[in-house]
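If you're matching positions, the sequence shown starts at 408 in our numbering and goes up one per residue. Comments concern the structure below.
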Amino acid sequence: MVNESPHANQQVLLVALGGNALIRKGQLGSVEEQFQNLRIPMSQIARISDSYRIIITHGNGPQVGNLLLQQECCESVPRLPLEILVAQTQGQIGYMIESTLDSELMALGRDQEKLLVSLISYVVVDPGDPAFLNPTKPIGPVYPEQRVASLPFPTRKTPKGYRRVVASPRPITIVEKREIGRLIQMGFIVICCGGGGIPVIREGRSFAGVDAVIDKDLASARLAQEVGVDLFLIATDVPGVAVGFGTPGERFLRSLGSREAGELMAQGHFPEGS
Numbered sequence: 408m409v410n411e412s413p414h415a416n417q418q419v420l421l422v423a424l425g426g427n428a429l430i431r432k433g434q435l436g437s438v439e440e441q442f443q444n445l446r447i448p449m450s451q452i453a454r455i456s457d458s459y460r461i462i463i464t465h466g467n468g469p470q471v472g473n474l475l476l477q478q479e480c481c482e483s484v485p486r487l488p489l490e491i492l493v494a495q496t497q498g499q500i501g502y503m504i505e506s507t508l509d510s511e512l513m514a515l516g517r518d519q520e521k522l523l524v525s526l527i528s529y530v531v532v533d534p535g536d537p538a539f540l541n542p543t544k545p546i547g548p549v550y551p552e553q554r555v556a557s558l559p560f561p562t563r564k565t566p567k568g569y570r571r572v573v574a575s576p577r578p579i580t581i582v583e584k585r586e587i588g589r590l591i592q593m594g595f596i597v598i599c600c601g602g603g604g605i606p607v608i609r610e611g612r613s614f615a616g617v618d619a620v621i622d623k624d625l626a627s628a629r630l631a632q633e634v635g636v637d638l639f640l641i642a643t644d645v646p647g648v649a650v651g652f653g654t655p656g657e658r659f660l661r662s663l664g665s666r667e668a669g670e671l672m673a674q675g676h677f678p679e680g681s
């Protein structure tokens, strides 16, 4: 039995790791590369682990893409639905984060006082979300144009070629929010909501998985609201939030209030998925 942590009054920090935390641009995505890439963010988290109660969320785009590619390569094995692939990557990446962070905590002599846990996480979405009528999120491998008509799912032409597209509905609630809140009160570092969470809809008093991808940052923001975190950190591979991103007039914003953010969004500075 684990009692409430003596650090229960510390601030709660939620760190949302982007997909680049594990697989960087130009890499194949081998297990060795992913473990190596995790060392920097995990060493940073380990160093501040005495000052905060910590929740870690993460992306899974490249990992799900690799699983979809594996399915394409073997017709004799039954295809798995997308929500199962998300669950698989939650276990896979959760293990890698846990293992790497535990090693960094050991190096600091903190592994006996810091407890780690990875949670398979459901996120409820609305079956009436307009995203289901207009799937736009590209996932998986690139297909040649001649194969598109025979594929059992919708596709869209992207700069790389034709790819499968799925709905990206907005998260309504994190099913395990109470468990996550209790675990951080008990002193655990919690790894959860991987890949935006497993998308589910309510069917009476039960849940059913759906073929969709939830934006990792939106799911993390919902979790931050529901658990009541004090600090929300989104780690990306860009220097910061910018107006006119990628243009000669690019200007980085070091601080931003909600009113100004809304005005800039209305002006089209922060498009969907940015």
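Even for Gly, the Cβ is constructed at its ideal location relative to N, Cα and C. As the structure is a prediction and not an experimental result, all values here were calculated from the model.
Query, Result
"Report yes or no: do the stretch 651–668 and the stretch 628–638 share at least 3 C-beta pairs separated by less than 8 Å?", "no"
"Three Cβ pairs or more, each shorter than 8 Å: is that satisfied between the stretch 571–581 and the stretch 529–536?", "yes"
"What distance in whole Å lies between the Cβ atoms of A423 and L508, which are believed to be in contact at a cut-off of 8 Å?", "The pair is not a contact, with the Cβ atoms about 15 Å apart (cut-off 8 Å)."
"Taking the alpha carbon of G604 as the reference point, which residue from G611, F595, K623, I504 has its own alpha carbon closest?", "K623"
"Since R446 is in the alpha helix (DSSP H), which residue starts that stretch and which ends it?", "438–454"
"Sort out for me which residues DSSP pairs I596 with in a bridge.", "L523"
"Looking at L489: is its Cβ nearer than 8 Å to the Cβ of V573?", "yes"
"Suppose contacts are defined by Cβ-Cβ distances below 8 Å. Is L526 in contact with Q495 by that definition?", "no"
"Going by DSSP in three states, R629 sits in which element: helix, strand or coil?", "helix"
"Around the C-beta of T565, are 16 or more other C-beta atoms found within 10 angstroms, so that it is buried, or is it exposed?", "exposed"
"Should E511 and S458 be called a contact, given that it needs their Cβ atoms to be closer than 8 Å?", "no"
"Any chance you could list the alpha helix (DSSP H) runs of at least 4 consecutive residues sitting entirely within the stretch 469–524, in chain order?", "489–514"
"Can you tell me whether DSSP reads I634 as helix, strand or coil?", "The identity of residue 634 in the sequence shown is Val, whereas the question assumes Ile. V634 falls in the helix class under three-state DSSP."
"Name the two residues that bound the continuous alpha helix (DSSP H) containing A673.", "665–673"
"Would you identify the three-state DSSP class for E657, choosing helix, strand or coil?", "coil"
"So G550 is in the beta strand (DSSP E); what residue range does that whole segment cover?", "Per the sequence presented here, residue 550 reads as Tyr, with Gly not at that position. 544–550 is the span of the beta strand (DSSP E), which, as asked, contains Y550."
"Work out the CA separation of G601 and H465 for me, nearest whole Å.", "5 Å"
"Pick from P448, R666, F659: whose alpha carbon is nearest that of G426?", "P448"
"What residue does the beta strand (DSSP E) around S662 start on, and which one ends it?", "Looking at the DSSP string, S662 is not in any beta strand (DSSP E), and its letter there is neither H nor E."
"Measure how close the beta-carbons of I598 and E505 come, nearest whole angstrom, since I'm counting them as under 8 Å.", "6 Å"
"Identify, in the order they occur along the chain, each residue of the same chain with its Cβ nearer than 7 Å to the Cβ of G588, setting aside the five sequence neighbours on each side.", "V634"
"Run through the DSSP bridge pairs and tell me what L640 is partnered with.", "V422"
"State buried or exposed for S456, treating a residue as buried only when at least 16 other CB atoms are found within 10 Å of its CB.", "buried"
"Which partner residues does S613 have in the DSSP bridge list?", "E610"
"Ordered along the chain, which non-local residues of its own chain (more than five positions away) have a Cβ less than 8 Å from that of D518?", "D509, L512"
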